[in-house]
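Shown next, in structure tokens, is the structure this report addresses.
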Amino acid sequence: MKFAYRFSNLLGTVYRCGNLTFTPDGNSLISPVGNRITVFDLKNNKSETLPLAAQYNVACMGLSPDGNLAILVDEEGSALLVSLISKTVIHRFHFQKPVHSVCFSPNGKKFVITKDKVALMYNAPGKKREFNAFVLDKTYYGAYDETTCIDWTDDSRCFAVGSKDMSTWVFGAERWVNLVYYALGGHKDAIVACFFEENSLDLYTVSRDGALCVWQCDTELNGLITRSSKSHPTDQAESAKDLDEELIETQRDKEIHGKTSGNEKQNKKKVKYSCAAKYFFNKEGDFNTLTAAAYHKKSHLLVTGFASGIFHLHELPEFNLIHSLSISDHRIASISINSTSDWIAFGCAGLGQLLVWEWQSESYVLKQQGHFNSMVSLAYSPDGQYLVTGGDDGKVKVWNTSSGFCFVTFTEHTSVISAVTFTNSGYVVLSASLDGTVRAFDLHRYRNFRTFTSPRPTQFSCLAVDSSGEIVSAGSQDSFEVFVWSVQSGRLLDVLDGHEGPISSLCFNPVKCVLASASWDKTVRLWDMLDSWRTKETLTLSSDVLAVAFRPDGNELAVASLDGQITFWDHENAMQTGSIMGRHDLQMGRKELDKITAKQAAKGKSFTSLCYSADGQCILAGGLSKYVCIYHVKEQILIKKFEISCNLSLDAMEEYLDRRKMTEFGSMALIEEGNGDDDDVIIPLPGVKRGDMSSRHFKPEIRVTCLRFSPTGRNWAATTTEGLLIYSLDSSLTFDPFDLEIDITPRNIRKVLTQKEYTKAIVMAFRLNEKKMIQEVLETVPYDEIDIVCSSLPDLYIEKVLEFLASCFEKSRHLEFYLVWTQKLLMLHGCKLKTRSEKLLPIVQFLQKSIQKHFEDLSKLCDWNCYNMKYILSISQQRGMKRRAEDSEHNDLKNLEDSSSEDFMEESAVHL
Numbered sequence: 001m002k003f004a005y006r007f008s009n010l011l012g013t014v015y016r017c018g019n020l021t022f023t024p025d026g027n028s029l030i031s032p033v034g035n036r037i038t039v040f041d042l043k044n045n046k047s048e049t050l051p052l053a054a055q056y057n058v059a060c061m062g063l064s065p066d067g068n069l070a071i072l073v074d075e076e077g078s079a080l081l082v083s084l085i086s087k088t089v090i091h092r093f094h095f096q097k098p099v100h101s102v103c104f105s106p107n108g109k110k111f112v113i114t115k116d117k118v119a120l121m122y123n124a125p126g127k128k129r130e131f132n133a134f135v136l137d138k139t140y141y142g143a144y145d146e147t148t149c150i151d152w153t154d155d156s157r158c159f160a161v162g163s164k165d166m167s168t169w170v171f172g173a174e175r176w177v178n179l180v181y182y183a184l185g186g187h188k189d190a191i192v193a194c195f196f197e198e199n200s201l202d203l204y205t206v207s208r209d210g211a212l213c214v215w216q217c218d219t220e221l222n223g224l225i226t227r228s229s230k231s232h233p234t235d236q237a238e239s240a241k242d243l244d245e246e247l248i249e250t251q252r253d254k255e256i257h258g259k260t261s262g263n264e265k266q267n268k269k270k271v272k273y274s275c276a277a278k279y280f281f282n283k284e285g286d287f288n289t290l291t292a293a294a295y296h297k298k299s300h301l302l303v304t305g306f307a308s309g310i311f312h313l314h315e316l317p318e319f320n321l322i323h324s325l326s327i328s329d330h331r332i333a334s335i336s337i338n339s340t341s342d343w344i345a346f347g348c349a350g351l352g353q354l355l356v357w358e359w360q361s362e363s364y365v366l367k368q369q370g371h372f373n374s375m376v377s378l379a380y381s382p383d384g385q386y387l388v389t390g391g392d393d394g395k396v397k398v399w400n401t402s403s404g405f406c407f408v409t410f411t412e413h414t415s416v417i418s419a420v421t422f423t424n425s426g427y428v429v430l431s432a433s434l435d436g437t438v439r440a441f442d443l444h445r446y447r448n449f450r451t452f453t454s455p456r457p458t459q460f461s462c463l464a465v466d467s468s469g470e471i472v473s474a475g476s477q478d479s480f481e482v483f484v485w486s487v488q489s490g491r492l493l494d495v496l497d498g499h500e501g502p503i504s505s506l507c508f509n510p511v512k513c514v515l516a517s518a519s520w521d522k523t524v525r526l527w528d529m530l531d532s533w534r535t536k537e538t539l540t541l542s543s544d545v546l547a548v549a550f551r552p553d554g555n556e557l558a559v560a561s562l563d564g565q566i567t568f569w570d571h572e573n574a575m576q577t578g579s580i581m582g583r584h585d586l587q588m589g590r591k592e593l594d595k596i597t598a599k600q601a602a603k604g605k606s607f608t609s610l611c612y613s614a615d616g617q618c619i620l621a622g623g624l625s626k627y628v629c630i631y632h633v634k635e636q637i638l639i640k641k642f643e644i645s646c647n648l649s650l651d652a653m654e655e656y657l658d659r660r661k662m663t664e665f666g667s668m669a670l671i672e673e674g675n676g677d678d679d680d681v682i683i684p685l686p687g688v689k690r691g692d693m694s695s696r697h698f699k700p701e702i703r704v705t706c707l708r709f710s711p712t713g714r715n716w717a718a719t720t721t722e723g724l725l726i727y728s729l730d731s732s733l734t735f736d737p738f739d740l741e742i743d744i745t746p747r748n749i750r751k752v753l754t755q756k757e758y759t760k761a762i763v764m765a766f767r768l769n770e771k772k773m774i775q776e777v778l779e780t781v782p783y784d785e786i787d788i789v790c791s792s793l794p795d796l797y798i799e800k801v802l803e804f805l806a807s808c809f810e811k812s813r814h815l816e817f818y819l820v821w822t823q824k825l826l827m828l829h830g831c832k833l834k835t836r837s838e839k840l841l842p843i844v845q846f847l848q849k850s851i852q853k854h855f856e857d858l859s860k861l862c863d864w865n866c867y868n869m870k871y872i873l874s875i876s877q878q879r880g881m882k883r884r885a886e887d888s889e890h891n892d893l894k895n896l897e898d899s900s901s902e903d904f905m906e907e908s909a910v911h912l
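Residue 101 in full-length UniProt numbering sits at position 101 of the sequence shown; the count goes up by one each step and never skips.
What follows is the structure, given as structure tokens:
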């Protein structure tokens, strides 16, 4: 299917809330990002967001010991059982109340969750044949306040639960005679974390006020006595009574036989804990509370994080300080240590920051941070390998689309970024900001090499660069002018005036040097850049213009206006060729503070971003809604509508008010926002999209700020409240045959292959359109026959073979083989392909992207090998010269000795 776009990845958001978890092999890190989770492969330098989502933001997460299953629990207590192998949701469950932590037992047979004042132990899914995946085994009571943390012993016999009532409870996972439960006090604040020592019942507890207690147990793990299966007392008092009677009987028997010893008495008593030591962390500042902790049992490494962004590394049980470092000025929300204790992961929810630190070498393995506030704009590089984004925090970030990581951040701007774009070369990024500057960044040296300013201070709201990359223009928000600069000299070329309202969007014609400027004055003006920048044409619309976009061939102009319409224009003749009413497709959700219905609110909404597809046949539109629409331009119909988010933690998501949040006085959100005087309600000002972040009840609004198609046509990206969403064509899940007949089967194709009719086999394979079959046929063709097969291919299949080769370059190891195919096709059929250049442009760019990626990887490897060879040769030359020098020196000494001996013989002969 041409429009079978599926969610592919989420960039720009690396951590929101919840706990970080390393996979069992220690090579990957799993991080919650909103209502999704992202797997960061630290060995291969890749990130992948799983195509599944919870209803609300993920609050906590538990990973099975084998790393195959994960339990995700959102803020409302709804759980998802996820398979990390198939990346699908297996089961859904609701715990009815918010859950604070989830932890699997080391043997994988049980898992414990904490909510309210109780701890619930469930049988792990997959270990028993049960209709329900989550089967409750036991419920543990004891805490007087909310439970916060869990930790298991290594043999899965016991677990500890920390609580906000400043106590820690040790429970038996099975029925033990000498351990039913045990409560540990000694702290003066809520328990943040508790950890068992390796193969022991000894316990460490860490509280929020920065205190560490070391609890020593008088019983080993093998000293726990199993209760007989005959008696199952239900009351704790009854079990204690039975235990006392049993101990009395055993004591009498030992006194009668006379074999009593101190050790045996100790073994038969109840498990007891004693506080062996108590330590305090060095806290700098008044607000430096301990917020997160992690412990590695084998290396005895304790890592603690504080609200000021400082973390400490200590060695237990001696409490020796190994290292102390500050990673940010915000609170550390989560800490995790991998299985080898080499890497430590830190998550800062305030900044959306994720760090992986190698503490032995004191270096960062991963350092990623998204935009502090929402993203505003984005742009693809010409080859589709990179994405640049601008945010409300004034930062410009460049992302690698294949790895999903940000590799450079520019922070020269001092205000909100309004627009970003690439030049045609792909190595220069331009950004416009409300600070009154347009800056050019070099991706070779990662520096700001040019800054464009206006004669008088103004705020730039939009940006455009021509196809040659020589002229850059920016629209003003307050002076209603368009400024034009030269990229080479940085000189202001001209100021285009004529609009009577703020400039909302700019776009250059890809073919001709014509600039289209859209404004709130209900006009679109076309400026001829070659004729003294005069107004070529003025297009008048019925409402304020919000966005303009040229078709890739430059023959059509699309305009989005405030009344929800998308109009199409023949800009050469100033004629309108069509229009789409898209207001009904937005389906705006209802905010919590709205007093009107979602249907009435949608009447004032419109599209704020437009983008043509790579072939120009369709257009992508998005705005203040959770939906992105794809329209067919010629037919003017809606082809597909994408729901970019289902996260109810964001505002404007639900169509109707939630009855559970309704009271007799109205919505609970409205009551909380009221000032209490005569039932007045604080209503947000019109046009405010970010909300009041100082209010107690704050939810960011879901919206799409910018949309862009990849030059290859296989991906499109959207900057939203959640982050940078990437959708791509997933051809592996769709069956799209081409001119299929009943006799075209894999068996017949292989039969033709055995007869060495390669051209016929390729045509049949493409008509069947199965990727593995096409790959098998192409790789069966001998190297010597490629030239002949390429020359005999029908014209209709050349385009399909090129597209398939471009997709194979990304994963195949047969690089040279496919390069030969590509070269022969382009050399033999280049003249024919020129006639369909507009249609083939996305395929050629896809080819260029794949080849360029391999070129960069191989060039680095070849350069490294060249440097190594030069180094080896220079070392060998130095050694050879040194050896020759030593040999010559040795020969000189030998000659000197020979000559001296001859002189001595002559002198002695003369003397005689």
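Don't be surprised by glycine CBs; every beta carbon is placed ideally from N, CA and C.
Cα-Cα separation, residue i to residue j
i: Asp677; j: Phe709; result: Annotation note: pLDDT 39 at Asp677 (below 50); position unreliable, no value reported.
i: Arg445; j: Phe410; result: 12 Å
i: Glu481; j: Asp494; result: 10 Å
i: Leu515; j: Ser433; result: 20 Å
i: Val365; j: Phe405; result: 12 Å
i: Lys772; j: Ala160; result: 52 Å
i: Gly352; j: Leu430; result: 25 Å
i: Val428; j: Asp154; result: 55 Å
i: Asn107; j: Ser64; result: 9 Å
i: Glu249; j: Ile150; result: Residue placement at Glu249 cannot be trusted, given a pLDDT of 46 that sits under 50; what the coordinates show is reported in the next sentence. Approximately 36 Å between the Cα atoms of the pair.
i: Tyr122; j: Tyr783; result: 60 Å
i: Lys882; j: Asn865; result: 25 Å
i: Trp152; j: Thr168; result: 13 Å
Cβ-based burial, residue i [other Cβ within 10 Å; buried from 16]
i: Ser8; result: buried
i: Arg157; result: buried
i: Ser575; result: Sequence inspection shows Met at residue 575; the Ser mentioned does not correspond to that position. Met575 should be labelled exposed.
i: Thr291; result: buried
i: His187; result: buried
i: residue 930; result: The shown model of the chain, from 1 to 912, leaves out residue 930, and the question about it has no answer.
i: Lys860; result: exposed
i: Leu136; result: exposed
Residue range of the beta strand (DSSP E) that includes residue i
i: Met588; result: Segment: none, Met588 is in no beta strand (DSSP E) and carries neither H nor E.
i: Thr147; result: 147-152
i: Tyr181; result: 181-184
CB of residue i within 9 Å of CB of residue j, strictly
i: Asp585; j: Cys629; result: yes
i: Arg714; j: Leu624; result: no
i: Cys213; j: Thr205; result: yes
i: Tyr141; j: Lys164; result: no
i: Ala614; j: Pro711; result: yes
i: Ile332; j: Phe346; result: yes
i: Trp527; j: Leu492; result: no
i: Pro24; j: Asp66; result: yes
i: Ile37; j: Ala79; result: no
First and last residue of the uninterrupted alpha helix (DSSP H) at residue i
i: Lys800; result: 795-808
i: Cys513; result: Note, Cys513: premise wrong, no alpha helix (DSSP H); not H, not E.
i: Gln775; result: 771-780
Cut-off 7 Å between Cβ atoms - residues of its own chain near residue i, not counting five sequence neighbours on either side
i: Gln96; result: Gly77
i: His854; result: Phe809, Leu815
i: Ser479; result: Thr458
Neighbourhood of residue i by C-beta, 6 Å cutoff - its chain only, sequence neighbours within 5 removed
i: Thr705; result: Val376, Thr719
i: Met764; result: Ile744, Ile749
8 Å CB neighbourhood of residue i in its chain, flanking five on each side removed
i: Ile619; result: Ala549, Ala558, Ile566, Leu610, Cys611, Tyr612, Ser613, Ile630, Tyr631, Val633
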